[in-house]
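Read the structure below first, then the notes.
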Amino acid sequence: MPDFKLIYTDIINEKFPEKINNPVIRNKLNALHTASDILKFNALIFGQATYSIECKSQRLRSYDEPSVREILNYQKKNRLTNTETANHFKTSRNTIARWKSVYKL
19 MPDFKLIYTD IINEKFPEKI NNPVIRNKLN ALHTASDILK FNALIFGQAT
69 YSIECKSQRL RSYDEPSVRE ILNYQKKNRL TNTETANHFK TSRNTIARWK
119 SVYKL
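The number in our numbering is simply the position in the sequence shown, starting from 1, with 18 added.
Given below as structure tokens:
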């Protein structure tokens, strides 16, 4: 797995030097372990992406097993349909269905 702490530190130093001293960002930077942590941190740094950017970058996302299980547990706990879960996590309903068949929770 790439060293996301180093990658994001370089990005923050270059593009957002005022954010490097923020204690919330520093704590989250040290806790980048799963794909969902990285996606949340990315939204914290860059803000929410517009719809057109999300559609283009969605194909480039990948999820590790703990992140997939976290998403499926979220769906089960909140009694959401595949479509509702997909909209919440900005992925396709077919992806959610495939994960459910592979990881059988």
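Note that CB positions come from ideal geometry on N, CA and C, so glycine has one too.
Proximity to Ser54 [Cα-Cα], best of Val120, Phe107, Arg116: Residue mapping note: residue 54 aligns to position 36 of the sequence shown, counting from 1. The shortest C-alpha separation from Ser54 is found at Phe107.
Same chain, Cβ closer than 7 Å to Asn100, five either side skipped, listed in chain order: Working through the sequence shown from its first residue, we reach residue 100 at position 82. Contacts found: Arg111, Ile114, Ala115.
Cβ contact (3+ pairs, closer than 8 Å) linking the segment 40-54 and the segment 83-90: Output reads yes: the segment 83-90 touches the segment 40-54.
Buried versus exposed call for Leu47 [16 or more other C-beta atoms within 10 Å across all chains shown]: Taking the first residue of the sequence shown as position 1, residue 47 is located at position 29. So Leu47 counts as buried.
Neighbourhood of Ala104 by C-beta distance below 6 Å, restricted to the same chain and skipping five residues each side: The residue you call residue 104 lines up with position 86 of the sequence shown. Around Ala104: Ser110, Arg111, Ile114.
Where the alpha helix (DSSP H) containing His106 begins and where it ends: Residue numbering aside, residue 106 sits at position 88 when the sequence shown is read from its first letter. Counting along the chain, His106 sits inside the alpha helix (DSSP H) bounded by residues 100-107.
Where Leu62 falls: helix, strand or coil (DSSP): Within the sequence shown, the letter at position 44 stands for residue 62. The three-state secondary structure of Leu62, taken from DSSP, is helix.
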